[in-house]
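Visitor: Numbering (our numbering), first residue to last: 311 to 817.
Structure below; questions to follow.
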RNA sequence: GGCCCAUUCGUCUAUCGGUUAGGACGCCAGGUUUUCAUCCUGGACAGAGGGGUUCGACUCCCCUAUGGGCUACCA
């Protein structure tokens with residue numbers, strides 16, 4: 311089939327977009343771009359009870375942050391020819407197709423209340439509303455047309471159910487899994503439409519919209535695989551088999567430990583984000599952390615996610631969005647669920663932090679400094695950044711790695727004092743101050759040369775001097791090359807720190 | 001319970017009947033270093049089990065086990 315590739319990401323606005331949803335959106339996007347197709351964003355808000363304010367904006371913002379561009383629908387520059395793209399706003403569209411099924415005898419009206427259904431389920435083990443049981447239920451198949459009309463005109467609520475013929479092998483061609491066959495007897499007469507709000511359910515709305523929006527490929531999570539045969543049937547009942555999209559069901563993202571689908575709880579429990587952006591639940595005020603606020607680069611998140619369930623077949627690990635687009639294929643999506651490995655996610659961010667231009671990283675760091683009330687010229691910030699960035703995973707780590715450049719230590723690491731601060735240390739450091747005080751060129755190389763010559767001349771222990779020196783400057787046994795530090799903080803500050811250490815460290 | 005999907009190092013994965021089963025994260029060791037980290041080098045670590053098919057199975061088939069998903073007037 312040679313039709314234009316059109317895919318959609320169709321989340322339900324019931325809360326923040328889960329990271330698994332992000333991956334689904336990403337794969338849709340990569341597929342669309344690869345084949346010069348269209349990426350649509352449609353909001354599936356047919357369940358008015360579960361609507362959460364702000365969720366839709368969140369979805370749009372998250373995709374935008376990640377660089378997943380929407381060509382058509384919600385969040386697109388121009389809405390597109392199939393507007394509206396919010397199912398609640400498409401309400402008038404669906405009724406016609408529901409009636410079409412009803413008129414053809416492929417669906418029927420049912421009056422059973424939720425309470426009645428519950429009691430049936432309690433009464434009959436494994437109760438399923440289907441060919442075997444619909445005869446004992448209250449519906450247009452068991453009561454007269456007059457009574458149906460009567461009940462409706464009396465304002466009684468009803469649903470429309472699909473009438474599934476039993477004992478038929480329904481085949482679903484899945485681009486990732488191959489042919490999946492399900493016997494129609496195990497599918498129940500799903501509700502397609504509810505009179506209470508005049509809206510279709512997911513299954514109906516999904517099929518109707520995918521048809522009307524000319525969707526060519528449905529790429530969605532594996533949790534939809536069991537209902538795919540129902541959708542196939544719906545396309546057939548509606549007479550749209552020829553236009554039916556191709557299906558691809560993605561493997562799920564699993565918990566890092568143990569088993570099961572990755573959930574919000576796991577993030578809280580294991581201490582990593584499962585959402586792209588921070589989110590505050592409008593009802594409970596509960597907040598969930600996001601990758602963006604945790605300091606991730608969107609490119610790193612995209613790269614990380616792209617490899618959770620797909621691989622290029624090469625040994626390449628770092629991919630730009632364009633490289634992903636060029637190399638992506640559904641055939642190379644794996645079939646089994648992928649456990650979410652947060653450590654690897656950090657590794658990706660580390661890589662991106664190293665590979666980005668130093669100016670860009672320094673600029674981000676400068677904003678962090680400003681937030682802390684530290685004003686430094688960008689030249690100096692860039693120098694410091696280049697000294698410490700290789701040890702940072704996130705931009706925020708730069709502060710942890712370099713705060714001593716900006717703020718003199720006020721305490722000295724106890725263990726290091728024990729190990730490095732000897733009885734003779736104060737005298738030696740006082741001597742060091744004298745040596746440093748007369749250096750004109752305080753550049754790293756020159757200072758190092760002079761200090762080392764002094765150490766050699768006096769036959770001091772290099773390690774002993776240097777470690778005490780470091781402790782004075784940093785307060786901890788960490789940090790870059792000592793003379794890179796002294797060069798940046800300058801002679802006066804260096805001397806002040808040594809003197810302060812001498813006066814405050816007592817054995 | 002029923003139905004569906006899946007199963008290679010701890011994790012993400014390569015392998016599309018013949019390989020010393022490869023890479024990456026993590027882990028361990030060594031090296032670099034005045035410290036910590038980075039980095040470099042090396043190492044340990046895998047085909048769930050049982051039957052077939054085949055000259056030959058990680059690869060194909062079946063069974064079992066295990067894991068996951070679905071089973072709503074939720075998506």
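Using N, Cα and C, we set each Cβ at its ideal position, and we do this for glycine too.
Bear in mind the structure is a predicted one, so any value in this text is a computation, not a measurement.
(1) Starting from residue 811 and walking both ways along the beta strand (DSSP E), at which residues does that stretch end?
(2) Check for me: the beta strand (DSSP E) holding residue 479 runs from which residue to which?
(3) Kindly list the residues whose CB is nearer than 8 Å to the CB of residue 678, restricted to its own chain and excluding five residues on each side of it in sequence; keep chain order.
(4) Hey, quick one: how far does the alpha helix (DSSP H) through residue 339 stretch, first residue to last?
(5) Out of curiosity, what's the CA-to-CA distance linking residue 650 and residue 614?
(6) Report the three-state DSSP secondary structure of residue 724 (helix, strand or coil).
(7) Taking Cβ positions, are residue 830 and residue 528 nearer each other than 7 Å?
(8) Is residue 571 helix, strand or coil by DSSP?
(9) Tell me whether the beta-carbon of residue 431 lies closer than 7 Å to the beta-carbon of residue 437.
(10) Between the C-alpha atoms of residue 618 and residue 333, what's the straight-line distance to the nearest angstrom?
(11) Taking only the alpha-carbon atoms, compute the straight-line gap between residue 713 and residue 779 and give it to the nearest angstrom.
(12) Ignore the nearest five residues each way along the sequence and tell me which others in residue 664's own chain have a CB closer than 8 Å to its CB.
(13) Quick one, are the C-beta atoms of residue 782 and residue 808 less than 7 Å apart?
(14) Where does residue 606 fall in DSSP's three states?
(15) What are the uninterrupted segments assigned as alpha helix (DSSP H) that are 4 or more residues long and contained completely in the region 480-564, given in chain order?
(16) Could you give the C-beta distance for residue 553 and residue 483, rounded to a whole number, given that I count them as a contact under 8 Å?
(17) Would you call the CB atoms of residue 469 and residue 420 closer than 7 Å?
(18) If contacts are defined as beta-carbon pairs under 8 Å, then residue 499 and residue 422 qualify, I think. What distance do you get, rounded to the angstrom?
(19) Count the C-beta pairs between the region 562-579 and the region 494-509 that are closer than 8 Å, then say yes if the count reaches three, no if not.
(20) Just to check, is the beta-carbon of residue 629 closer than 6 Å to a non-hydrogen atom of the ligand ADP?
(21) Thinking C-alpha only, which one of 342, 784 and 675 is nearest residue 693?
(22) Give a yes or no on whether the C-beta atoms belonging to residue 325 and residue 372 are separated by under 7 Å.
(23) Going by the CB atoms, is the gap between residue 634 and residue 287 shorter than 7 Å?
(24) Roughly how many angstroms separate the alpha carbons of residue 683 and residue 715, rounded to a whole number?
(25) Quick check: the Cα distance between residue 643 and residue 394, rounded to an integer number of angstroms?
(26) Which residue's Cα is closest to the Cα of residue 322: 343, 742, 378 and 384?
(27) Over the uninterrupted beta strand (DSSP E) stretch that includes residue 351, give me the two end residues.
(28) Applying the 10 Å Cβ sphere with the 16-neighbour rule, what's the burial state of residue 791?
(29) Pick out whichever of 578, 463, 696 and 637 has its Cα sitting closest to the Cα of residue 670.
(30) Could you check whether residue 666 and residue 703 sit closer than 7 Å to each other, using their CB atoms as the reference points?
(31) Could you pull the start and end residues of the beta strand (DSSP E) that residue 420 belongs to?
(32) To the nearest whole angstrom, what separates the beta carbons of residue 611 and residue 427, a pair I think is in contact under 8 Å?
(33) Should residue 600 be labelled buried (16 or more other beta-carbon atoms within 10 Å of its own) or exposed?
(34) Any idea what DSSP makes of residue 324, helix, strand or coil?
(35) Could you say which of 497, 726, 627 and 464 lies nearest to residue 475 if we only look at CA atoms?
Guide: Judging by the given coordinates:
(1) In the first chain, counting from the first residue as 1, residue 811 sits at position 501. Unbroken run through residue 811 is the alpha helix (DSSP H), 801-814; no beta strand (DSSP E).
(2) Here residue 479 corresponds to residue number 169 of the first chain, with the count starting at 1. It spans 479-484 - the beta strand (DSSP E) in which residue 479 sits, taken as one unbroken run.
(3) Walking along the first chain from the start, residue 678 turns up at place 368. 705, 706, 708 and 709.
(4) The residue labelled residue 339 in the question sits at position 29 within the first chain. Per DSSP, residue 339 belongs to the alpha helix (DSSP H) from 329-344.
(5) Translated into the one-based positions of the first chain, residue 650 becomes position 340. Translated into the one-based positions of the first chain, residue 614 becomes position 304. Their backbone Cα atoms lie some 10 Å apart in a straight line.
(6) For the purposes of this step, residue 724 is identified with residue 414 of the first chain, where counting begins at 1. Residue state, collapsed to three classes: helix.
(7) Because residue 830 is not part of the residues shown, which for the chain are 311 to 817, the question remains open.
(8) Looking up residue 571 in the first chain gives position 261. Strand, per DSSP.
(9) Residue mapping note: residue 431 aligns to position 121 of the first chain, counting from 1. Residue mapping note: residue 437 aligns to position 127 of the first chain, counting from 1. Taking 7 Å as the Cβ cut-off, residue 431 and residue 437 qualify as a contacting pair.
(10) Looking up residue 618 in the first chain gives position 308. Looking up residue 333 in the first chain gives position 23. Rounded to the nearest angstrom, the two C-alpha atoms are 8 Å apart.
(11) The residue given as residue 713 occupies position 403 in the first chain. The residue given as residue 779 occupies position 469 in the first chain. Approximately 17 Å, taken between the alpha carbons.
(12) The count along the first chain starts at 1 and reaches residue 664 at position 354. Taken in chain order, the residues that qualify are 699 and 700.
(13) Here the question's residue 782 lines up with position 472 in the first chain. Here the question's residue 808 lines up with position 498 in the first chain. Cβ distance < 7 Å, so residue 782 and residue 808 count as in contact.
(14) The sequence position of residue 606 within the first chain is 296, counting from 1. It is coil, neither helix nor strand.
(15) 512-522 and 538-547
(16) For the purposes of this step, residue 553 is taken as residue 243 along the first chain, with counting starting at 1. For the purposes of this step, residue 483 is taken as residue 173 along the first chain, with counting starting at 1. That pair is no contact at about 15 Å.
(17) The residue labelled residue 469 in the question sits at position 159 within the first chain. The residue labelled residue 420 in the question sits at position 110 within the first chain. Cβ distance < 7 Å, so residue 469 and residue 420 count as in contact.
(18) On the first chain, position 189 is the one that residue 499 refers to. On the first chain, position 112 is the one that residue 422 refers to. That pair is no contact at about 11 Å.
(19) no
(20) No copy of the ligand ADP appears in this structure; indeed no ligand is present at all.
(21) Indexing the first chain from 1 puts residue 693 at position 383. Per the C-alpha coordinates, the member of 342, 784 and 675 positioned closest to residue 693 is 675.
(22) For the purposes of this step, residue 325 is taken as the residue at position 15 of the first chain. For the purposes of this step, residue 372 is taken as the residue at position 62 of the first chain. No; because the gap between Cβ atoms is not below 7 Å, this pair is not in contact.
(23) The requested residue 287 does not occur in the structure, where the chain is confined to residues 311 to 817.
(24) Counted from its first residue, the first chain places residue 683 at position 373. Counted from its first residue, the first chain places residue 715 at position 405. The straight-line gap from Cα to Cα measures roughly 14 Å.
(25) Residue 643 sits at position 333 when you count from the first residue of the first chain. Residue 394 sits at position 84 when you count from the first residue of the first chain. So the alpha carbons of these two residues sit roughly 32 Å apart.
(26) Here the question's residue 322 lines up with position 12 in the first chain. Answer by Cα proximity: 384.
(27) The residue you call residue 351 lines up with position 41 of the first chain. Element bounds for residue 351: 348-351.
(28) On the first chain, residue 791 is found 481 positions in, with the first residue counted as 1. The residue is exposed, with fewer than 16 neighbouring Cβ atoms inside 10 Å.
(29) If you number the first chain from 1, residue 670 lands on position 360. Checked all of 578, 463, 696 and 637; the closest Cα to residue 670 is 696.
(30) Here the question's residue 703 lines up with position 393 in the first chain. Here the question's residue 666 lines up with position 356 in the first chain. No, Cβ-Cβ distance for residue 703 and residue 666 is not below 7 Å.
(31) What you label residue 420 is simply residue 110 of the first chain in a count that begins at 1. 417-420 is the extent of the beta strand (DSSP E) around residue 420.
(32) The residue labelled residue 611 in the question sits at position 301 within the first chain. The residue labelled residue 427 in the question sits at position 117 within the first chain. About 42 Å; that fails the 8 Å criterion.
(33) Position 290 of the first chain holds residue 600. With 16 or more other Cβ atoms within 10 Å, it is buried.
(34) Sequence index remark: in the first chain, residue 324 carries index 14 (1-based). Here residue 324 sits in coil by DSSP.
(35) Position 165 of the first chain holds residue 475. Minimum Cα distance to residue 475 is reached at 497.
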